[in-house]
Structure formats: structure tokens, C-alpha cells
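Residue numbers (this note's numbering), protein chains in the order written: chain D, 20 to 346; chain G, 41 to 333.
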Amino acid sequence: MLVGIAATATKKIENVISEKSKIIRKDIKKNKSIYLLVLPIIAFYFIFCYIPIIGTVISFEDFTMKLGNTYLQNILESQWVGFKHFISFFNNINFKRVFFNTFKISFITILFSFPAPIILALLINEIRSITFKRVVQTITYLPHFISLVVICGLIKSFTSDTGIISMLISQFTGGMPMNLLNDKNCFIPIYVFSEIWQTIGWNSIIYIAALAGVNQELYESASIDGANRIRQTIHVTIPEIMPTITIMLILKLGNVLNVGYEKILLLYNPLTKPVADVISTFIYEKGLIDRSYSFSTAVGLFNSVVNFTFLFIANQISKKTSEISLW
Amino acid sequence: MILKRTMGEKIFGVIDALFLIILSLCCLYPMIYVLFASLSDSNLLMSHSGIIYKPIGFSLQAYSKVFSNKMIFTGYKNTLFILVFGLAINMIFTTLGAYFLSRRDVYFRKIITFFIVLTMYFSGGLVPTYLTVRSVGLYNTLWAVIIPTAINTYNMIILRTGFYSIPPSLEEAATIDGASTLTILIRILIPLIKPTLAVIALYYAVGNWNSWFYASIYLQDRIKYPLQLILREILISNDTTTMTTSAGAADVEEIGKTIKYATIIISTLPVLFCYPFLQRYFVNGVMIGAVKE
Numbered sequence: 020m021l022v023g024i025a026a027t028a029t030k031k032i033e034n035v036i037s038e039k040s041k042i043i044r045k046d047i048k049k050n051k052s053i054y055l056l057v058l059p060i061i062a063f064y065f066i067f068c069y070i071p072i073i074g075t076v077i078s079f080e081d082f083t084m085k086l087g088n089t090y091l092q093n094i095l096e097s098q099w100v101g102f103k104h105f106i107s108f109f110n111n112i113n114f115k116r117v118f119f120n121t122f123k124i125s126f127i128t129i130l131f132s133f134p135a136p137i138i139l140a141l142l143i144n145e146i147r148s149i150t151f152k153r154v155v156q157t158i159t160y161l162p163h164f165i166s167l168v169v170i171c172g173l174i175k176s177f178t179s180d181t182g183i184i185s186m187l188i189s190q191f192t193g194g195m196p197m198n199l200l201n202d203k204n205c206f207i208p209i210y211v212f213s214e215i216w217q218t219i220g221w222n223s224i225i226y227i228a229a230l231a232g233v234n235q236e237l238y239e240s241a242s243i244d245g246a247n248r249i250r251q252t253i254h255v256t257i258p259e260i261m262p263t264i265t266i267m268l269i270l271k272l273g274n275v276l277n278v279g280y281e282k283i284l285l286l287y288n289p290l291t292k293p294v295a296d297v298i299s300t301f302i303y304e305k306g307l308i309d310r311s312y313s314f315s316t317a318v319g320l321f322n323s324v325v326n327f328t329f330l331f332i333a334n335q336i337s338k339k340t341s342e343i344s345l346w
Numbered sequence: 041m042i043l044k045r046t047m048g049e050k051i052f053g054v055i056d057a058l059f060l061i062i063l064s065l066c067c068l069y070p071m072i073y074v075l076f077a078s079l080s081d082s083n084l085l086m087s088h089s090g091i092i093y094k095p096i097g098f099s100l101q102a103y104s105k106v107f108s109n110k111m112i113f114t115g116y117k118n119t120l121f122i123l124v125f126g127l128a129i130n131m132i133f134t135t136l137g138a139y140f141l142s143r144r145d146v147y148f149r150k151i152i153t154f155f156i157v158l159t160m161y162f163s164g165g166l167v168p169t170y171l172t173v174r175s176v177g178l179y180n181t182l183w184a185v186i187i188p189t190a191i192n193t194y195n196m197i198i199l200r201t202g203f204y205s206i207p208p209s210l211e212e213a214a215t216i217d218g219a220s221t222l223t224i225l226i227r228i229l230i231p232l233i234k235p236t237l238a239v240i241a242l243y244y245a246v247g248n249w250n251s252w253f254y255a256s257i258y259l260q261d262r263i264k265y266p267l268q269l270i271l272r273e274i275l276i277s278n279d280t281t282t283m284t285t286s287a288g289a290a291d292v293e294e295i296g297k298t299i300k301y302a303t304i305i306i307s308t309l310p311v312l313f314c315y316p317f318l319q320r321y322f323v324n325g326v327m328i329g330a331v332k333e
């Protein structure tokens, strides 16, 4: 009897498989040209996104490159060491400091550069003249397009000991103008201010659009109820753009440990390294300068997982408290 | 909406406008300062401190020094190469990919979409990507800057949204008339989503023009350096030795400053020039990107 049941079960599975494969075969036949068109794209993602993801396995090995071997051979032939690299960076003093720097820089940046575009959008929204609005918007978007190298060049120049910003500051504090980029205490303010300068205009676009979408009747009924502009802003405007603000905030907070290396690489030097070194620059230095490939990949893998967890948690919180989420 | 403005609101309006004017000046002034300083005499600039309203002691010396530096020209040449070929590859790949992702009746679409979107949240990291690019044989070629960044998934999703907005009946009519997939794509769909294509083309173009990091890790020969990398040498690493060999040692620091400013102007001028005309497209892109499907 068991044999009978097994026989009917296998026959059912075979039917399902053959039906599925019929559907697939029909689909491939019908969409052959479409699949052909997308082949290069799939190849791209496989080679440049998924092979590196598979490559993170070297964080569990002592990856060594032998001459004449292919990448795959190097991976397969290197010695497996399990969590050795993960443990070693947990115990590394520099790593703890780097972790703390990342969080500090990121948090302070979010603290100041998140509200700025919103306030700018609110202020622009209050302007009556369309031309004035347009001109302000055009000008404030401009810094976003200037390359990071140029911006850091500007920063270096303006904060050097003969630079305009150093001179202005020394007039306030009454001291000699100094090279501000060599000062540990100045690094984060310089970083955050230049970040605000570069992003305030561009990031305000989405809020300006949200503000433009607010139903004007709400304002009218609020003013009929006796609310002045300030109260209208608090009770009508802010709640209406809250969804936009929330989703932008969860994106930002989800990325709190994800400070990019480019700007810091361009701005830091040995004197400011104790405050400026972040996880991504640590990974860059250990990986591509010191060539500790396995160690660097281990830190990178850890960082990826932590970032994803943060994003996931931020997303869940947003889902629970409002109905907005990324997925 | 006609609301009567009280005196308080009028005052607020004035303060608001003033604040925005100041902010705009702050955004604009650094570039203006750089422009004026690059046209100034280097010694006079050194002795003058603070805000400048016009070039101090008009002089084109900085520019002549910059133009005599061969590396600026090779940098421009390389960046143009990356821009043109990179943009072509970006657009072809992104369009094909977005087209595929928008076909509703393709069996494997959902799972391929999942894996593609997943790459926005997970990546191999710096070292594995570096090792992969090296093992593919792209090291020390300009293609290493172009190919690994061929597709920006976010841009592709924006384009997919554009494809979604085209009614299927158009394609059906074309298929009945015997058009092949490629014909439909090229002759019907692409002309219809030209605005969206323009937007992501601009995003890619700006990205290609400003990119420097991948060039710094994959390129070994200085002759292959794109403009931003040459800039980094001049502006960040303070390497103006190639341009100041004829001057005395005491002049090096001062000349350096005006040369730096002149280099910034020369390399940013294309962007600054095109920007006002193209700004509208960029803003549209943010809107399309914000309205997810």
C-alpha cells in the first residue's frame, strides 16, 4: 500500500513538474528576444555584484594570492580560518575607535543636515514671487553638482592658514589664523558644515514638492478657525508632510553606520585621523593600502550586516508607528 | 488662495526673503571667490585677507601656468572618454534592463527583479569588488572605471517606472503589425519616454564627470588619470611641482593658490555652464524617483 501511495505521489509531482516546464518552455519561446536582450544585464549583475558577494567568503580564510592562479583558485586554495579575522578586529583598539567615530560623525551630520532642507523648503514655500523662488532654488541646488574633489579643494584652501575662513575665525577668537584641517576639534564641524552646504538645496526638492501638494483648502479652513500663519504651519503643514519626513528619516537612520569614504579620504590627514577615521576608510586602508584582504573583507562583511540590520529595524519601527516603510 | 497678510506676516516675509538671499549668496560666493582669486595677482592675493569683491590686480598668469600643464589636457581627454563611452554603456544597459523589468508577462521577471533590487542593499564590499575587477583583467584600463559602474539600479528603477506608464495597447498594436521586440523598443517606446531618458542620462553624466575614487584604485599610469584625479593631486596632495619649476622657491606657495583656483574654474566651468539649462531635468528626476511604483 505504501508503494501505491508513493507511486501516485511521484506521478503527481511529475505532472506538476512537466506542467511547470511546459509553461516555462512556452514562455521562453514567446519571450526569446526579450531574454536575449537582458542577458548582458544579468551578466553584469552576476559578475560585478554577485561574484563579489560570493567573494566575501575570503573573510573566513587567510586569503593569499599566488602568482599564476586565477581568483577562484586563490579562494579555494587559501586556508580556512573561520572567525579569526572577526575576532581580531573586535579586539583591535583602532576598530573600536573607528566604530565610535563613524557613529559620532554620522549622528551629528544627521542631527544638523536633516532638518536644514526641511526648514529651507518651508521658507521657500512662504515666498510669493515665483521668480524669486526659482532663482533661490537654482542657486541652492548648484553645490550638489560640484565634484567632491573640487569641494574638498575649496575646503582645504579656505581653511588653510592663509585661507578666508581661518582668517575670519581668527578675528572672532583673537588668535593667529591656523590651518583648521590639522585641528582635531575642527574636523567634524568642517565636515558637517560642508555637508549642509552641499546638500541643503538638493535635499529640499522633495520637501518643496510635498509642500506644493498640500491641499490649500486645509489652510483656508484653518484660518477660518482663527489660526495665524504659525499655527497653520504647526497644525496643517507639518502633519501633511510628515509621511515624506518619516520615510526620509528612516532611510537616513538606517544608514547611520554607513559614512562614505570619499569625502573623509580627501579631507583627513594623520593629525585628524583619530577623529576622522571611519569604518569605510578603515576598510579601505586595511584592504587596499595594507593589502590585508581577508581582514578588510571581514570588517566589510560585518559592516554590511550591521547596516542591513539597522535599516531593517528602522523599517519595522516605521511600519509599526506609521504605515510608511521601504518594503 | 488669497489670505490677508497682517503686519507680522509682512515682516516675516521680509526676514524670510533676506535669509534666503543670504543663503543663496553663501552657496554662490565660494565659486565667485575662486573665480576672482584665479584672475588675481598671486602676491597681492597673499597679502589681502578676507572677502574679495573683484580680482585683485588682474592677472592671467595662473591660467597660463595651468594651460601649460600637459596633465590637465590628458585629464580632460580621459574624463571625456569616460563620459562618452561610459554614458553610452550606462544608457544601453539601463534601458535594456528597465525594459525587461517592465514586461509583465515574462515568467522569470519577478525573481530577477528581486535579485537586482537586492544588490541595492547588499554588496560584496570594497576588497571583493576590487579583486573581481582585477581578475576580469580590467586593472589599469579606463574600462575599469566604466564597466563596474555600468548600471545604477536606482536609475534603472526610475526608467522602469517610465516604461510602466506606457499603455500596453501600443505594443500590442505594433506586435500585430509584425514588429520585433527590438523594433518596438527602439521605434516606439524610447521616443515616448525621452524625458525620463534625459533625466537618467544627466544623472549618469554628472556621476561620470565627477568620479575619482574608482580611477584612483584601478589606474596605475598617470597618463590615464581622469581630470578629477589630476585635480586631487593639485588640490589635495598639494602637488603643483609640475607647474612651478620655473619659479623661485619663495613663490611656490603663492602661485600654488592662484593655480589651484584656476584649475578649479577650468574643471568646473562645463558643469557650471550647462547646469542652469539642465536644472529642470534634474528636478524632474527627483520627482519621478520619489514616486515609487
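Backbone N, C-alpha and C define an ideal beta-carbon position, used for all residues, glycine too.
The criterion of a C-beta distance shorter than 8 Å is not satisfied by D:SER242 and D:GLN235.
Between D:CYS205 and D:LEU286, the C-beta spacing is not below 8 Å.
Only those residues of the segment 141-153 of chain D whose C-beta falls short of 8 Å from the nearest C-beta of chain G are listed: LEU142, ILE143, GLU145, ILE146, ARG147 and PHE151. DSSP lists D:TRP99 as the bridge partner or partners of D:GLU80. Taken atom to atom, the span from the alpha-carbon of D:LYS49 to that of G:THR215 is near 12 Å. No Cβ of chain D is located within less than 8 Å of the beta carbon of G:TRP183. Ranked by Cα distance from D:ILE77, the first of G:PHE52, G:GLY165, G:GLY115 and G:ILE152 is G:GLY165.
Put simply, the CB of G:ILE226 is far from chain D, with every gap to its CB atoms at 8 Å or more. In the three-state DSSP reduction, D:THR178 falls in the coil class, being neither helix nor strand. Secondary structure of G:ILE91 (DSSP, three-state): coil. Residue-level contact by beta carbon holds for D:ARG248 and chain G, with a gap shorter than 8 Å. Below the 9 Å Cβ cutoff, chain G contributes GLY164, GLY165, VAL167 and PRO168 as neighbours of D:THR75, in chain order.
Assigned with DSSP and collapsed to three states, G:PRO266 falls in coil, not helix or strand. Taken in chain order, the members of the segment 136-149 of chain G whose beta-carbon sits within less than 9 Å of a beta-carbon on chain D are LEU136, GLY137, TYR139, PHE140, LEU141, ARG143, ASP145, VAL146, TYR147 and PHE148. Near chain D, meaning a CB-to-CB distance below 8 Å, the residues of the segment 232-254 of chain G are VAL246, TRP249, ASN250, TRP252 and PHE253. Shown here, G:GLN101 sits in a helix according to DSSP, grouped into three states.
Against chain G, a Cβ distance below 9 Å from D:ALA228 picks out VAL323, VAL326, MET327 and ALA330. The beta-carbon separation of D:THR159 and G:CYS314, rounded to 18 Å, does not stay under the 8 Å limit for a contact.
Nearest in C-alpha terms to D:LYS338, of all of D:VAL35, D:LEU230, D:THR178 and D:PRO262, is D:PRO262. Residues ILE137 of the same chain have their beta carbon placed closer than 7 Å to that of D:ILE264, with the five preceding and five following residues left out of the count. Using a Cβ distance threshold of 8 Å, D:ALA135 and D:ILE215 count as a contacting pair. Proximity of D:THR218 to chain G, defined by a Cβ-Cβ separation below 8 Å, is not satisfied. Look at D:ILE146 here: in three-state DSSP terms it is coil, with no helix or strand label.
By the 16-neighbour rule on beta-carbons within 10 angstroms, G:LEU100 is exposed. For G:PHE155, at least one C-beta of chain D is nearer than 8 Å to its own C-beta.
With a minimum length of 4 residues, the unbroken runs of alpha helix (DSSP H) contained wholly in the segment 151-178 of chain D fall at 167-177. Put simply, the backbone Cα of G:THR172 is about 8 Å away from that of D:ILE66. Contact check between the segment 81-97 of chain G and the segment 245-253 of chain G: fewer than three CB pairs, one atom from each, fall below 8 Å, which does not count as touching.
Secondary structure of G:PHE59 (DSSP, three-state): helix. In this structure G:ALA77 touches G:TYR301 by the C-beta definition: roughly 5 Å separates them, less than 8 Å.
Distances from the alpha-carbon of G:GLY137 to those of G:ILE122, G:LEU60 and G:THR153 put G:THR153 closest. Residue contact check for D:GLU281 against chain G: a CB pair falls below 8 Å. For D:LEU56, the enclosing alpha helix (DSSP H) begins and ends at 51-64. Of all residues in the segment 253-278 of chain G, only PHE253, ILE257, GLN268, LEU271, ARG272, LEU275 and ILE276 place a beta-carbon less than 7 Å from a beta-carbon of chain D.
Along the segment 189-268 of chain G, the alpha helix (DSSP H) occurs as fully enclosed runs of 4 or more residues at 193-204, 208-216, 234-250 and 253-258, listed in sequence order.
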